[in-house]
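Below is one structure; the comments refer to it alone.
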Amino acid sequence: MRRKNRRFSTFSLSFLDIMSCGFGAVALIFLIIKHGSDHEIEVETEDLSAEVNLLQEEVEFGEEHLVQARNTLDIVSDELVDAQGLARRILEQIQDVKGNIAEIDSVDEQEDIKRLQDKLKKLKQAKKNLEEENKKLGNNVRKYVGDGDRQYLTGLRLGGNRILILLDASASMLGDELIKVIRARNMSSRVKRQTEKWRRAINTVSWLTAQLPPDSQYQIYTFNTSFRAVIAGTEDRWLNVDDRDQLDKAIKGLDEVVPEHGTSLERVFNAIHAMKSLPDNIILITDGLPTQGMKPPRGATVSGRERRNLFKRAVKVLPRNVPVNIILTPMEGDPFAASEFWKLAMQTQGSFLAPSRDWP
Numbered sequence: 001m002r003r004k005n006r007r008f009s010t011f012s013l014s015f016l017d018i019m020s021c022g023f024g025a026v027a028l029i030f031l032i033i034k035h036g037s038d039h040e041i042e043v044e045t046e047d048l049s050a051e052v053n054l055l056q057e058e059v060e061f062g063e064e065h066l067v068q069a070r071n072t073l074d075i076v077s078d079e080l081v082d083a084q085g086l087a088r089r090i091l092e093q094i095q096d097v098k099g100n101i102a103e104i105d106s107v108d109e110q111e112d113i114k115r116l117q118d119k120l121k122k123l124k125q126a127k128k129n130l131e132e133e134n135k136k137l138g139n140n141v142r143k144y145v146g147d148g149d150r151q152y153l154t155g156l157r158l159g160g161n162r163i164l165i166l167l168d169a170s171a172s173m174l175g176d177e178l179i180k181v182i183r184a185r186n187m188s189s190r191v192k193r194q195t196e197k198w199r200r201a202i203n204t205v206s207w208l209t210a211q212l213p214p215d216s217q218y219q220i221y222t223f224n225t226s227f228r229a230v231i232a233g234t235e236d237r238w239l240n241v242d243d244r245d246q247l248d249k250a251i252k253g254l255d256e257v258v259p260e261h262g263t264s265l266e267r268v269f270n271a272i273h274a275m276k277s278l279p280d281n282i283i284l285i286t287d288g289l290p291t292q293g294m295k296p297p298r299g300a301t302v303s304g305r306e307r308r309n310l311f312k313r314a315v316k317v318l319p320r321n322v323p324v325n326i327i328l329t330p331m332e333g334d335p336f337a338a339s340e341f342w343k344l345a346m347q348t349q350g351s352f353l354a355p356s357r358d359w360p
C-alpha cells in the first residue's frame, strides 16, 4: 500500500514539546539568577551594616576622648599661663636682686674689703698663737706644768688604742698615815676633796691624760666598794683623746669625787669585761691591797692575809694579755702591797711606779 503523505504543521506535538522545554529552561535560569542575586545583596547589606556600626562606635569614642582632650588642654593652658606668670615674677625678682647687689657693691665694696682684710689678719694671728702653743705642748694633748716646769721621766707605758685609768677613791686615799685617814674621814666632803694625798692622785691623772696619744681612746673609772665613770653615763664606751673639751670635763669631774668607803678591786676588774671593747692598756692608781671582794667583809677589820687573798682573787678576773701599769702611793700598815702590785706589773708586762710625794 502506498503510504499516505503526511502534511507538516508548525504546531505539531513535537514542536510544542520543544517549546515547552525551552520555556521551562528559561524560567529555571531566571529563578536561579534571581535567587543568587538576592542572597548576595543580603550578605553585602549585612557587611555594610556591621562596618557602619563599627565606624559609628569609633566616632562616638573619638568624640568622647575629644572632650577629655579639650578639658586637659584647657587645664594645661591654665597651668602654662600660671607658670609663665610665675617665671615672669621670678625674672623680675632676679633683676631687682641684681640691682640691689650692684648698689651694695658700688657703695660698700671698700668697707667689705677692709673688713675681710682685718678678719684675715686676726686669723693669721690666731694660727700663729696656736702654732706657738703646739710647740710648747709637743705631742701632749693637754698642757700640764709641774713645780719648776720639770720634765717628768717615768717608765710608764702610756701607749695603746684604748687606755683605761683606774683611780682608787676609797677612804684610805685621804692620807698616808692611818691617823690622818681617821681624822679626815670624819670631816666634811669639801675638806676630804682638798686633802693632800687625794689632790696628788688627781694631779697624777691629769698628768697621765696629758701624755696620752692623740689618736687613742680612754676611759677613767673611780672605784671604792663600787665603781663609776668620771663622766656619768659613759661606763660602757670609750672616749676620744682628741676631744680636748671632753677630756678637760673628765678631769674637772674628779674634783667632785669624795674618797670614802673601802676598796674592791674585784668589782672594778669585773666591770672591765662589760665594756664594748677590752682595753689594751690599764693604769691603776691605788695605795694598797683591797679590803673586800664582791661582798662586804663579815668582820669590822681585815687582816693582811685576807687582803692578799682578796687581791689574788681580783687578779684572776683581769683580762689576759693586757698590761697593767701600777702607780702606788703606799699606805702604812699594808707591807705586802708593794710586792704584790710589783708582781702583777711584771706578770702582765706592765710597769710599777712608787712616786715621791711631790710627783707629779
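Quick note: the sequence shown, position 318, residue 318 per UniProt numbering, numbers continuous. No residue lacks a Cβ here, since even glycine has one placed at the ideal position from N, Cα and C.
Below 7 Å between beta carbons: does that hold for residue i and residue j?
i: A229; j: Y221; result: yes
i: L278; j: D334; result: no
i: E314; j: E266; result: Sequence check: residue 314 is Ala here, not Glu. Yes, Cβ-Cβ distance for A314 and E266 is below 7 Å.
i: I327; j: A345; result: no
i: P323; j: N281; result: yes
i: V268; j: F223; result: yes
i: L284; j: V241; result: no
i: H273; j: T225; result: no
i: L156; j: S351; result: yes
i: E332; j: L178; result: yes
i: I231; j: A201; result: no
i: I182; j: S216; result: no
i: V205; j: L167; result: yes
Is it buried or exposed, residue i, if we count other Cβ atoms within 10 angstroms and call 16 or more buried?
i: M19; result: exposed
i: Q292; result: buried
i: L80; result: exposed
i: D17; result: exposed
i: D287; result: buried
i: F227; result: buried
i: Q219; result: buried
i: L153; result: Confidence at L153 is low in this model, with a pLDDT of 46, below 50, so the placement of that residue should be treated as unreliable; the coordinate-derived value is given next. It counts as exposed.
i: K122; result: exposed
i: T301; result: exposed
i: G22; result: exposed
Please report the straight-line C-alpha distance between residue i and residue j, rounded to a whole angstrom.
i: S172; j: I165; result: 19 Å
i: L247; j: W207; result: 12 Å
i: D32; j: A25; result: With the sequence shown as reference, residue 32 is identified as Ile, and Asp is not the correct amino acid for it. Going by the C-alpha atoms only, they are around 11 Å apart.
i: G175; j: R185; result: 10 Å
i: G299; j: A338; result: 25 Å
i: H65; j: L91; result: 38 Å
i: A169; j: R305; result: 22 Å
i: L310; j: K124; result: 59 Å
i: L318; j: T348; result: 10 Å
i: L28; j: S49; result: 32 Å
i: residue 379; j: K180; result: With the chain covering only 1 through 360, there is no way to say anything about residue 379.
i: K295; j: R307; result: 13 Å
i: Q68; j: L86; result: 27 Å
i: N71; j: Q84; result: 20 Å
i: D78; j: R115; result: 50 Å
i: V97; j: M275; result: 58 Å
i: N53; j: G62; result: 14 Å
i: A112; j: D118; result: Going by the sequence as given, residue 112 is Asp instead of Ala. Each residue's Cα considered, the two are about 10 Å apart.
i: D243; j: K312; result: 37 Å
i: S188; j: W198; result: 14 Å
i: G233; j: I94; result: 53 Å
i: L353; j: K128; result: 38 Å
i: K316; j: A126; result: 52 Å
i: Q110; j: G99; result: 18 Å
i: Q264; j: S303; result: Before going on, a small fix: residue 264 reads as Ser here, not Gln. Going from the Cα of S264 to the Cα of S303 covers about 15 Å.
i: N321; j: P355; result: 26 Å
i: R89; j: D74; result: 23 Å
i: V59; j: F30; result: 43 Å
i: G160; j: P214; result: 11 Å
i: Q56; j: D82; result: 39 Å
i: W342; j: L120; result: 56 Å
i: K252; j: N203; result: 11 Å
i: G148; j: D245; result: Since pLDDT at G148 reaches only 41, below the 50 mark, its modelled position is unreliable, and no value is offered.
Going by DSSP, which residues form a beta bridge with residue i?
i: L164; result: Q219, I282
i: N325; result: I283
i: N240; result: Q217
i: R228; result: T222
i: residue 408; result: With the chain running from 1 to 360 in the structure shown, residue 408 is simply not present.
Any heavy atom of the ligand MG inside 6 Å of the beta-carbon of residue i?
i: H65; result: In the structure shown, the ligand MG is absent, as is every other ligand, since no ligand is present at all.
Could you check whether the Cβ of residue i sits closer than 7 Å to any Cβ belonging to chain C?
i: A83; result: Structure shown: chain C not included; a single protein chain is present.
Query raised in the report: Between the region 243–262 and the region 192–201, are three or more C-beta pairs nearer than 8 Å?
Result: Contact holds: three or more Cβ-Cβ distances are below 8 Å.
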